[in-house]
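One structure is given here, and the rest of the page talks about it.
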Amino acid sequence: MIRSEICELIGIEYPVFQGGMAWIADGKLAAAVSNGGGLGIIAAGNAPGEYVREQIAIARSLTQKPIGVNVMLLSPCADEVAQVVAEEKVDVVTTGAGNPSKYMEVWKNAGIKVVPVVASVGMTKLVTRLGASAVIAEGGESGGHVGELTTMVLVPQVCDATDLPVIAAGGIADGRGAAAAFMLGAQGVQMGTRFLSACECSINPVYKQKILKANDLCTMVTGKRLGHPVRSLRTPFAREYFKAEYGGMPDDELEALGTGALRLAVKDGDAEHGCFLAGQVAGMVSREQPAAEIVREVMEGAEQVLLGASKWVK
Ligand code: TUI
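Residues in the sequence shown are numbered from 224 upward in steps of one, following this note's numbering.
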């Protein structure tokens with residue numbers, strides 16, 4: 224069985240985090256992952272504090288195990304969500320899409336383990352100084368908001384820049400990816416796209432089917448011009464956005480074009496106007512299964528890869 228420092232730190236069985244996917248990762252999915260021995264994470268996304276409080280209550284009604292909340296730092300509600308997670312004293316807070324400095328003190332004082340997503344060495348050093356418990360090094364293969372560097376080059380550089388445990392994310396969907404992440408120095412993995420196929424993931428069936436049918440070339444990155452690149456499935460909406468972006472549409476109109484598109488995908492399964500966030504591993508996810516089975520299958524797969532690795536040494 225694969226265990227690492229991160230398991231003891233957080234009190235989980237397997238070193239697997241479920242990514243905090245906005246509109247998608249709710250209390251039900253988070254509880255299913257935590258019950259499966261990983262760390263389930265509720266995504267705050269752009270939602271208000273009260274939504275997050277409700278989802279924490281739902282998760283806690285379904286599991287006794289540790290749970291996390293992901294705070295999306297670009298959200299207009301980030302301040303109130305930060306307050307709610309401190310009051311609720313969730314076990315772990317992960318942050319994404321920015322610099323979490325201003326909240327670190329209040330979260331640490333509430334006894335919360337803070338695990339920021341970092342996309343660079345500079346941010347790694349900063350959050351290490353500020354008392355993070357671990358970091359998530361997320362490469363640009365991931366879905367949603369993406370950084371510049373790939374997982375392959377980001378993870379070892381983040382490992383060299385901090386003594387904290389590093390969780391690798393971006394481009395990991397099975398035991399091979401997880402084993403590779405451990406070889407790069409990671410102590411754990413975070414997966415988002417793979418959990419879109421979980422039975423307990425309540426996205427619109429159209430969204431789920433699109434993931435299950437996707438191939439290797441099905442994702443693209445839009446939004447670079449406004450400074451917030453986002454990876455999603457190559458749908459009519461993504462193509463239209465891309466065209467507008469490079470066709471000179473003014474910034475405010477471009478911003479308006481994107482607003483609400485993720486909700487249309489997750490809730491309505493709107494294949495024309497929805498933004499279906501997904502990582503490059505979408506092509507590797509082809510069947511629906513319980514979240515607990517995903518956690519176990521990925522870790523057992525990694526174990527097999529690692530046990531077989533000595534065949535390379537002659
Ligand atoms: O955050 C994510 N994934 C996301 S957030 C999102 S919603 C969204 N809404 C509007 C615009 C853009 C996105 C959908 N998917 N992943 C974690 C992540 N964090 N990836 C990269 C980063 C990151 C980037 C820059 C973390 C820190 C950072 O620091 C910037 C700085 O301030 O120096």
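Just so it is clear, CB atoms sit at the ideal spot from N, CA and C, and this is done for glycine as well.
Would you say residue i touches the ligand TUI, meaning its beta carbon is less than 7 Å from a heavy atom?
{"i": "E511", "result": "no"}
{"i": "G624", "result": "Residue 624 lies beyond the range of the chain shown here (224 to 537); nothing can be said about it."}
{"i": "V322", "result": "Here residue 322 turns out to be Asn, not Val, going by the sequence shown. N322 Cβ: within cutoff of the ligand TUI."}
{"i": "L500", "result": "yes"}
{"i": "M295", "result": "yes"}
{"i": "M472", "result": "no"}
{"i": "A245", "result": "yes"}
{"i": "G375", "result": "According to the sequence provided, residue 375 is Met. The question's Gly does not apply to it. Incorrect: M375 has no Cβ contact closer than 7 Å to the ligand TUI."}
{"i": "E364", "result": "no"}
{"i": "A342", "result": "yes"}
{"i": "G259", "result": "no"}
{"i": "G268", "result": "yes"}
{"i": "H496", "result": "no"}
{"i": "G291", "result": "no"}
{"i": "G553", "result": "As shown, the chain starts at 224 and ends at 537. That puts residue 553 outside it, with no answer to give."}
{"i": "G483", "result": "no"}
{"i": "G319", "result": "yes"}
{"i": "M346", "result": "yes"}
{"i": "E361", "result": "yes"}
{"i": "G531", "result": "no"}
{"i": "V389", "result": "no"}
{"i": "V369", "result": "yes"}
{"i": "V381", "result": "no"}
{"i": "V518", "result": "no"}
{"i": "V239", "result": "no"}
{"i": "V350", "result": "no"}
{"i": "V338", "result": "no"}
{"i": "V521", "result": "no"}
{"i": "V453", "result": "yes"}
Can you find the residues in the same chain that come closer than 6 Å, C-beta to C-beta, to residue i, ignoring five residues on each side of it along the sequence?
{"i": "D493", "result": "L487"}
{"i": "G370", "result": "A342, G363"}
{"i": "K348", "result": "A384"}
{"i": "E526", "result": "I225"}
{"i": "M507", "result": "A396"}
{"i": "V308", "result": "V292, V316"}
{"i": "P452", "result": "V369, V444, G446"}
{"i": "V304", "result": "A267, G272, V275, V294"}
{"i": "V329", "result": "A309"}
{"i": "Y469", "result": "none"}
{"i": "G366", "result": "G415, T416, R454, L500, A501, G502"}
Residues in its own chain within less than 8 Å of residue i by CB, not counting five upstream and five downstream?
{"i": "A515", "result": "A255, V256, N258, G259, G260"}
{"i": "K559", "result": "As displayed, the chain neither begins before 224 nor continues past 537, which places residue 559 out of reach and without an answer."}
{"i": "G524", "result": "D397, G398, R399, A401, A402"}
{"i": "L387", "result": "T351, A355, S356, A357, V358"}
{"i": "E511", "result": "S420, A421, C422, K431, L435"}
{"i": "P299", "result": "N269"}
{"i": "K312", "result": "A333, G334, I335"}
{"i": "I235", "result": "I229, S257, G260, G261, L262, K288, P289"}
If residue i sits next to residue j, beta carbons under 8 Å apart, how far is it from one beta carbon to the other, in whole angstroms?
{"i": "A402", "j": "L529", "result": "5 Å"}
{"i": "V344", "j": "V350", "result": "The pair is not a contact, with the Cβ atoms about 11 Å apart (cut-off 8 Å)."}
{"i": "M443", "j": "V239", "result": "Contact flag wrong, Cβ pair sits at about 27 Å."}
{"i": "F460", "j": "H496", "result": "6 Å"}
{"i": "A467", "j": "L477", "result": "6 Å"}
{"i": "C441", "j": "R457", "result": "6 Å"}
{"i": "I264", "j": "G243", "result": "4 Å"}
Which partner residues of residue i appear in the DSSP bridge assignment?
{"i": "T317", "result": "N293, V338"}
{"i": "L262", "result": "F240"}
{"i": "V350", "result": "BP columns for V350 are empty, so no partner."}
{"i": "E361", "result": "A392"}
{"i": "L456", "result": "T442"}
{"i": "M414", "result": "Q241"}
{"i": "G367", "result": "R454"}
{"i": "A421", "result": "Q512"}
{"i": "L500", "result": "S455"}
Closer than 7 Å by C-beta to residue i: which residues in its own chain qualify, once you throw out the five before and the five after it? Chain order, please.
{"i": "A404", "result": "V378, A391, I395, V412"}
{"i": "G321", "result": "L296, L297"}
{"i": "I426", "result": "I247, L419, V489"}
{"i": "Q380", "result": "V344"}
| request: Count the CB pairs spanning the region 276–285 and the region 245–262 that are closer than 8 Å, and state whether there are at least three. | output: Touching, per the Cβ criterion.
| query | Below 8 Å, can you find three or more Cβ-Cβ pairs linking the region 394–411 to the region 493–510? | reply | Yes, the region 394–411 is in contact with the region 493–510.
| Does the region 356–371 touch the region 328–338, meaning 3 or more C-beta pairs lie closer than 8 Å? | Segments in contact, yes.
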